[in-house]
Amino acid sequence: MRSILCLTVASLAAAMKVPLPWAALNTHGLSWGRCSYKLPPNVECAEMEVPLDYTDPASNQTLIMDIVRYAALKKPLKGSIIINFGRLGAMNVPKLMKASRRFAWITNRQWDLVTWNIRGTGRSIPFDCSNPTVPGAAPPRRGRNNHHLNNTWSQEWAEGAKLADDCHLHYPEYGTMLGMSFQARDLIQLVDALQEDGMLRYWGFSTGAILGATAAAMFPDRVDKVLLDGVRNVHEYYHSFGDPTLLDNLDNTFHAFLKGCVASPHNCALARAYRTVDNIKFLMKELYKELDAAPREINGVIFDSHRVQAYLHRSLYHPRNYASLAKTLDRLVTGDMEALKDVESTTRKWLRKSDITFGVRCGDNIQRARTLQDFEPVMDELRGKTEWFPRLAENIMQATCVQWPFQAKELYDGDFNVTTRNPVLIINNEWDPVTPWAGAQNLSESFNNSVAVRYKAFGHTTVAQNSDCIWDIINNYFMSGEVPPPDTVCDPNEHIFSNMTDFGRAFGPDAQASLDKLWRVREKLGYCDLH
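Throughout the sequence shown, residue numbering follows mature numbering (1 follows the signal peptide of the UniProt record, and there is no 0), covering -15 to -1, 1 to 516 in sequence.
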């Protein structure tokens, strides 16, 4: 009997407060059953056992992965699409439960939608460097309230060193087993466990797209349909300090946001009194200067331009919130510093990172720096890439990764210049604040038969704005394997500040409410379409 690495069975079961049926583990497939928590009848759960260390065939240590399947609601069944929602450190299973109806609709409801909690999340390796002795405890969040965004770069460096030391102390073995190559092998294990045709059908968002690209490069003959939605520059992910491509495009994204605001003065508070983009930029510059010269304290939190930059950057992820963002910025540039309370409440939840985020990202990157002084020329170059977000180069992720004590045991060291069995589809938004169009261009030039679609949308990944053009392309791809012609460009259905910018609002409030109600009834009864 192979030993299971999940702390101890007894302590972990107590922490999870659910029975863990180790004896029922099936190494030849997945044993689907009702989940231990209340979910619709067409949602099933399973467990999958995978090797802890793929580089050591003699090891008998394994991990347990939690798997969830949202069963197809329409026949004939086409098979399974595995979805990874990105954001390292966040578990995929609850995300699928939240978004299942959306993705079922996009994929014609004929696919089982499957996801799993990646290693380092859930019950696999609770990578918690600050509190490693408490199984099942929520992982710590870097960037919490005691980490002020007005830290100097030297303070960030010191905090990064402390985190790296803590993780090395508590996880001297497991810190090397979290990288994307092992994640890709876990993904292929899941494909095999589904016992279909052995081919990978996958939709990966953001860091999930990095995983999909890595899996496709490592296993090109297993690719049936792989959609990479919002992909970073994969070469920079493994080989560069920071994210230069991200910083290169941020100012263009902010400028496009302001142009959209000025074009819709009735829905954008910033445009009502300041009619030009240049006027708004001038006021934003003055706001930065004021906060840096005299930082404010709100609810015990110190505010300088760094926190406003972080707030602005993360707010650009979600076009549905652009009107609210514009109102807050309008209050700030007119001297109403009470609006900083809105900034504080928003950044508090957005700027937290769990330790597994560092475990994967830092272990995959090969760049290291011995001292702060050695690294300063790189930082100067990164800061110089953006006028509006220079402090984003100075972040806890950057400071930690260059001092990280672990290197992933297996690193994909190729150049992504591979020919997959079937074409990979890549879609990036033009004005995505974290995965801009340039990332898709870069990867498409490497994958020999891939197609990159340029989506002239705002926000992060395709679901940020609704587009019939995009949904048709995705549906056709999964249903028939058809990819659009090279140089395909799609527009969103609505412009920003139209109050109709995201998928959830695509049908209008009444139609969307009716659709949600219908789906809830169908799921409750367990009905499926039979045509």
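Built from N, CA and C at the ideal position, the CB exists for glycine as well.
On a predicted model such as this, the values are computed, not experimentally measured, just so you know.
Alpha-carbon spacing of residue i relative to residue j, whole angstroms
| i | j | result |
| --- | --- | --- |
| Ala423 | Asn45 | 43 Å |
| His298 | Val286 | 19 Å |
| Phe283 | Tyr296 | The residue asked about is misnamed: residue 283 is Ile in this sequence, not Phe. Each residue's alpha carbon lies about 15 Å from the other. |
| Leu500 | Ile458 | Residue placement at Leu500 is flagged as unreliable, the pLDDT there being 39, under the threshold of 50; the coordinate-derived value follows with that caveat. Cα to Cα, the separation comes out at about 22 Å. |
| Leu213 | Leu301 | 21 Å |
| Ser431 | Tyr462 | 20 Å |
| Trp96 | Ser339 | 32 Å |
| Gly399 | Ala202 | 8 Å |
| Lys274 | Glu415 | 30 Å |
| Glu158 | Gly197 | 26 Å |
| Lys312 | Leu367 | 30 Å |
| Glu181 | Val448 | 28 Å |
| Leu276 | Asp365 | 22 Å |
| Asp236 | Leu255 | 18 Å |
| Ser429 | Arg281 | 45 Å |
| Lys326 | Asn407 | 50 Å |
| Phe226 | Pro362 | 11 Å |
| Ala200 | Thr192 | 12 Å |
| Asp289 | Ser65 | 48 Å |
| Gly164 | Pro111 | 15 Å |
| Asp321 | Leu314 | 10 Å |
| Ile481 | Leu62 | 37 Å |
| Arg94 | Gly14 | 24 Å |
| Ala279 | Ala308 | 28 Å |
| Val409 | Ser166 | 18 Å |
| Pro250 | Pro26 | 47 Å |
Residue i beta carbon near the ligand ADP (any heavy atom closer than 8 Å)
| i | result |
| --- | --- |
| Tyr259 | Judged by which ligands are present, the structure shown has none, so any question about the ligand ADP falls away. |
Buried versus exposed, by CB contacts within 10 Å (16 or more), residue i
| i | result |
| --- | --- |
| Pro477 | buried |
| Gly71 | buried |
| Glu379 | buried |
| residue 517 | The structure shown does not extend to residue 517, since the chain is modelled only from -15 through 516, so no value can be given for it. |
| Gln383 | buried |
| His291 | buried |
| Thr161 | buried |
| Gln358 | exposed |
| Val293 | buried |
| Lys60 | exposed |
| Asp113 | buried |
| Ser330 | exposed |
| Leu154 | exposed |
| Ala194 | buried |
| Arg260 | exposed |
Residues near residue i by beta carbon distance below 8 Å, same chain, minus five either side
| i | result |
| --- | --- |
| Lys244 | Val262 |
| Thr100 | Ile52, Val53, Ile67, Ile68, Asn69, Phe70, Asn77, Val78, Lys80 and Leu81 |
| Trp17 | Glu29, Cys30, Ala31 and Arg54 |
| Cys20 | Val28, Glu29, Cys30 and Val53 |
| Ser452 | Tyr440, Ala442, Cys475, Asp476, Pro477 and Asn478 |
| Thr332 | Leu134, Arg292, Ala295, Tyr296 and Arg299 |
| His224 | Asn350, Ile351 and Gln352 |
Chain-order list of residues whose beta-carbon lies under 6 Å from that of residue i (same chain, five-residue window excluded)
| i | result |
| --- | --- |
| Gln388 | Gly145, Ala146 and Ala149 |
| residue 523 | Outside the shown range of the chain (-15 to 516) lies residue 523, about which nothing can therefore be said. |
| Trp138 | Glu379 |
| Gly183 | none |
| Phe239 | Trp373 |
| Trp90 | none |
| Ile187 | Correcting the residue type first, residue 187 is Tyr in the shown sequence and not Ile. Taken in chain order, the residues that qualify are Ile67, Gly197 and Val211. |
| Trp456 | Ile91 |
Same chain, Cβ closer than 7 Å to residue i, neighbours up to 5 away in sequence not counted
| i | result |
| --- | --- |
| Val35 | Thr47, Leu48, Met50, Asp171 and Gln174 |
| Trp142 | Leu357 and Ala384 |
| Phe360 | Ala354 and Val387 |
| Cys246 | Cys253, Leu255, Ala256, Ala311 and Phe482 |
| Ala496 | Here Ala496 scores only 39 on pLDDT, less than 50, and its place in the model should not be relied on; the value that follows carries that caveat. The answer is none, since no qualifying residue turns up. |
| Cys454 | Cys475 and Asp476 |
9 Å Cβ cutoff, residue i in contact with chain C
| i | result |
| --- | --- |
| Leu185 | The displayed structure is made up of one protein chain only, and chain C is not part of it. |
Inter-stretch contact (C-beta, 8 Å, three-pair minimum) for the segment 207 to 218 and the segment 371 to 385 = Here the segment 207 to 218 makes no contact with the segment 371 to 385; the two share fewer than three CB pairs at distances below 8 Å.
Segment contact, 8 Å Cβ cut-off, at least three pairs: the segment 227 to 241 with the segment 405 to 420 | Verdict: yes, contact present.
Would you mind listing the alpha helix (DSSP H) stretches within the segment 210 to 274 that are 4+ residues and don't spill past its ends, in chain order?
-> Runs of the alpha helix (DSSP H) spanning 4 or more residues and lying entirely within the segment 210 to 274 occur at 219 to 224, 229 to 248 and 254 to 258, in chain order.
Mind the definition here: the segment 256 to 270 touches the segment 197 to 217 only if three or more C-beta pairs lie below 8 Å; say whether that holds.
-> Flag = no, the segment 256 to 270 and the segment 197 to 217 do not touch.
Should the segment 384 to 396 be regarded as contacting the segment 24 to 44, the criterion being three or more beta carbon pairs within less than 8 Å?
-> yes
Determine, using beta-carbon pairs with one atom in the segment 47 to 66 and one in the segment 162 to 182, whether at least three such pairs fall under 8 Å.
-> yes
Which runs of the alpha helix (DSSP H) fall wholly inside the segment 267 to 324 and span at least 4 residues, in chain order?
-> 290 to 300 and 307 to 318
Could you tell me whether the segment 464 to 483 touches the segment 426 to 441, where touching means 3 or more Cβ pairs closer than 8 Å?
-> As far as the Cβ criterion goes, the segment 464 to 483 touches the segment 426 to 441, which means the pair count is three or higher.
Curious, which full-length alpha helix (DSSP H) runs of at least 4 residues does the segment 31 to 117 contain?
-> 77 to 91
Which parts of the segment 154 to 196 are runs of the alpha helix (DSSP H), unbroken and 4 residues or longer, counting only runs that do not cross its ends?
-> 165 to 178
In the segment 421 to 481, which residue ranges form an unbroken beta strand (DSSP E) of at least 3 residues, counting only runs that do not cross its ends?
-> 436 to 443
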